[in-house]
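Chains as they are written, first to last, in this note's numbering: chain A, 695 to 983; chain B, 10 to 130. C-beta: ideal position from N, C-alpha, C; glycine also. Everything on this sheet refers to the single structure shown next.
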Amino acid sequence: MQRHVFEAMGTTVESFSEAGPEGREALPGVEVEFERLESILSRFRPDSELSRLNREGRIEADPDLLRVTRLALEARECTRGRFDPTVHDAVVAAGYDRSFDQVARESSGGPLVAVACGGGVAVDSDAGTIELEPGVSLDLGGIGKGYAVDRACSLLAAVGPCLVNAGGDLAVRGRPRAGAWPIGVETPDGTISLALQDGALATSGRDRRCWRREGHERHHLIDPATGIPSESDLLRVSVWAETAVEAEVLAKALFLAGEEEALREAADLQLLAVLVTCGGRTVLAGALA
Amino acid sequence: MTNHVARLYAFAAAILVFVVTWVAVAAHPWQQTARADAQDPRLATLRAREHRLRLEAADVQRIVDRRWARYRHALAKRKKEIAAAKSAQRALLAAASAPSSSGTPSVSVVTLPPLTVTKSS
Chain A
695 MQRHVFEAMG TTVESFSEAG PEGREALPGV EVEFERLESI LSRFRPDSEL SRLNREGRIE
755 ADPDLLRVTR LALEARECTR GRFDPTVHDA VVAAGYDRSF DQVARESSGG PLVAVACGGG
815 VAVDSDAGTI ELEPGVSLDL GGIGKGYAVD RACSLLAAVG PCLVNAGGDL AVRGRPRAGA
875 WPIGVETPDG TISLALQDGA LATSGRDRRC WRREGHERHH LIDPATGIPS ESDLLRVSVW
935 AETAVEAEVL AKALFLAGEE EALREAADLQ LLAVLVTCGG RTVLAGALA
Chain B
10 MTNHVARLYA FAAAILVFVV TWVAVAAHPW QQTARADAQD PRLATLRARE HRLRLEAADV
70 QRIVDRRWAR YRHALAKRKK EIAAAKSAQR ALLAAASAPS SSGTPSVSVV TLPPLTVTKS
130 S
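Put into structure tokens, the structure is as follows:
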């Protein structure tokens, strides 16, 4: 098993390949792909395509930015607005206006202000343009990372079974010699191992990207309905899906739903989900229950 | 005189017995029924009809036997097809409900040490 680790998109990325020498040669390509996509999708890089879009309001966009924006808008529709890429200004208002390392170190910032979400975004695939409603900015952080994981996994899968894990978002392709990929999901009592044969697993939670301002804890998961960090009774949600993009969207949507609604939705949709509540309980939901 | 009359009566009686016997034998009474039967056209017709009916019944029985065999063969074939279709349907249902790599989740909780951990993003 070959392993390659690097930092990208504000997290540690691990990639594994079981393809022998070919896998060893292919693994650095994952880092190159992450760097390429970060230079397009990062809101913290002033020269990224996304930052340019947020500044100018309308651009002829890179194909990857077009694709991720379209996926994000589809996710907004599918989750009835619970997942929303237009939470950018609300995240910034909550204090997440620089890379997370800086946010966590510094304690400056004003009172919490609710910012309206759900602004208009028009993607014209034929013309290759994206246009934002005035006053709207996009944050493609989570879904962009999921997209990068899926892309990197597809690249590695060409040479053999592989796994790419970018913090909360991971995907596997092909079965390893052991038959499945054992993936750890953190719980208050330790780590649960889930054996994945295919697909992706994403975790969304308030326990990692959180900071304190004026004595209050804040986190990056904005509830588009309120425009402030979610007050969900869940601490963390992990969801399996076919792609990392889908898993990321579902994990965020279930997190924002809260325990009761998340359990109901997971059961209705037969999702495979692990919920960790703020009270320290771990609940296997949907098809895992 | 008495002897002469007695002999005359005896002779006459013998003649009478002879004639009666002759008539009786000449009449062939034992052949009368068979001849009557053989000569009755209704019986002949009935016999011919009975024979024809027996032949027709045998033909019908052969046809019925052939059709019954064909039906049983077709029934067995159809039963096999239905069993195959049911088996295929069961296999499809099993495939749809069992975890697989084609869209259906293939995840289970195991006790293996994890290769990597998914953390909150």
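Nearest-angstrom Cα separation, counted from residue j out to residue i
i, j, result
"Glu-701 (chain A)", "Val-707 (chain A)", "6 Å"
"Val-933 (chain A)", "Ala-852 (chain A)", "25 Å"
"Ser-793 (chain A)", "Arg-761 (chain A)", "24 Å"
"Thr-11 (chain B)", "Val-28 (chain B)", "26 Å"
"Thr-780 (chain A)", "Ala-787 (chain A)", "13 Å"
"Ala-757 (chain A)", "Ile-916 (chain A)", "The sequence shown places Pro at residue 757 (chain A), not Ala. Using only the alpha carbons, I get a separation of about 27 Å."
"Glu-59 (chain B)", "Val-73 (chain B)", "20 Å"
"Asp-962 (chain A)", "Val-815 (chain A)", "30 Å"
"Asp-791 (chain A)", "Arg-871 (chain A)", "44 Å"
"Gln-70 (chain B)", "Ser-96 (chain B)", "38 Å"
"Glu-771 (chain A)", "Pro-715 (chain A)", "43 Å"
"Ala-979 (chain A)", "Leu-965 (chain A)", "7 Å"
"Glu-719 (chain A)", "Ser-129 (chain B)", "30 Å"
"His-910 (chain A)", "Met-695 (chain A)", "44 Å"
"Gln-48 (chain B)", "Trp-39 (chain B)", "16 Å"
"Ala-83 (chain B)", "Leu-62 (chain B)", "31 Å"
"Val-119 (chain B)", "Asn-748 (chain A)", "44 Å"
"Val-32 (chain B)", "Val-26 (chain B)", "10 Å"
"Cys-904 (chain A)", "Leu-121 (chain B)", "31 Å"
"Arg-51 (chain B)", "Ala-21 (chain B)", "47 Å"
"Thr-937 (chain A)", "Val-858 (chain A)", "12 Å"
"Ala-93 (chain B)", "Arg-79 (chain B)", "21 Å"
"Leu-55 (chain B)", "Val-34 (chain B)", "33 Å"
"His-13 (chain B)", "His-37 (chain B)", "37 Å"
Chain-order list of residues whose beta-carbon lies under 7 Å from that of residue i (same chain, five-residue window excluded)
i, result
"Val-939 (chain A)", "Leu-765, Ile-837, Gly-840, Tyr-841 and Asp-844"
"Pro-882 (chain A)", "Val-970, Gly-974 and Thr-976"
"Leu-929 (chain A)", "Gly-899, Arg-900, Asp-901, Val-970, Thr-971 and Cys-972"
"Ser-926 (chain A)", "Phe-949, Leu-950 and Gly-952"
"Val-943 (chain A)", "Ala-769, Thr-773, Phe-777 and Ile-837"
"Asp-783 (chain A)", "Val-809 and Ser-831"
Assigned secondary structure, residue i (DSSP; H/G/I helix, E/B strand, else coil)
i, result
"Cys-856 (chain A)", "strand"
"Glu-754 (chain A)", "strand"
"Thr-773 (chain A)", "coil"
"Val-933 (chain A)", "strand"
"Thr-984 (chain A)", "As shown, chain A starts at 695 and ends at 983. That puts residue 984 (chain A) outside it, with no answer to give."
"Glu-827 (chain A)", "coil"
"Arg-906 (chain A)", "strand"
"Val-843 (chain A)", "helix"
"Phe-710 (chain A)", "strand"
"Ser-736 (chain A)", "coil"
"Ala-15 (chain B)", "helix"
"Thr-54 (chain B)", "helix"
"Val-996 (chain A)", "The requested residue 996 (chain A) does not occur in the structure, where chain A is confined to residues 695 to 983."
"Gly-893 (chain A)", "strand"
"Arg-958 (chain A)", "helix"
"Arg-99 (chain B)", "helix"
"His-82 (chain B)", "helix"
"Asp-883 (chain A)", "coil"
"Glu-911 (chain A)", "strand"
"Asp-818 (chain A)", "strand"
"Ala-919 (chain A)", "coil"
"Pro-876 (chain A)", "strand"
"Met-703 (chain A)", "coil"
"Asp-863 (chain A)", "strand"
"His-60 (chain B)", "helix"
"Gly-899 (chain A)", "strand"
"Thr-763 (chain A)", "helix"
"Leu-832 (chain A)", "coil"
Cutoff 6 Å; reference residue i; Cβ partners in own chain excluding five residues on either side
i, result
"Val-931 (chain A)", "Ser-898, Ala-945, Leu-948, Phe-949 and Leu-969"
"Thr-823 (chain A)", "Glu-754"
"Leu-982 (chain A)", "Leu-966"
"Arg-867 (chain A)", "Cys-847, Ala-851 and Cys-856"
"Ala-860 (chain A)", "Thr-705, Val-707, Lys-839 and Val-843"
"Leu-64 (chain B)", "none"
"Ala-85 (chain B)", "none"
"Leu-957 (chain A)", "Ala-979"
Neighbourhood of residue i by C-beta, 8 Å cutoff - its chain only, sequence neighbours within 5 removed
i, result
"Pro-108 (chain B)", "Reliability of the predicted coordinates at Pro-108 (chain B) is poor, the pLDDT of 49 falling under 50, and no value is obtained from them."
"Asp-818 (chain A)", "Ile-824 and Glu-825"
"Leu-767 (chain A)", "Pro-779, Val-815 and Val-817"
Whole-Å CB distance - residue i paired with residue j, under 8 Å assumed
i, j, result
"Leu-895 (chain A)", "Thr-125 (chain B)", "Wrong, their Cβ atoms sit about 10 Å apart, outside the cutoff."
"Leu-721 (chain A)", "Ser-736 (chain A)", "With 8 Å as the limit, Leu-721 (chain A) and Ser-736 (chain A) do not qualify as a contact, their Cβ atoms being about 22 Å apart."
For the stretch 913–932 of chain A against the stretch 804–814 of chain A, are there 3 or more C-beta pairs whose distance is under 8 Å? yes
Touching or not, the stretch 875–890 of chain A and the stretch 724–733 of chain A, by the rule of three or more beta carbon pairs under 8 Å? no
For the structure I just gave you, are there three or more beta carbon pairs, one from the stretch 861–880 of chain A and one from the stretch 824–831 of chain A, closer than 8 Å? no
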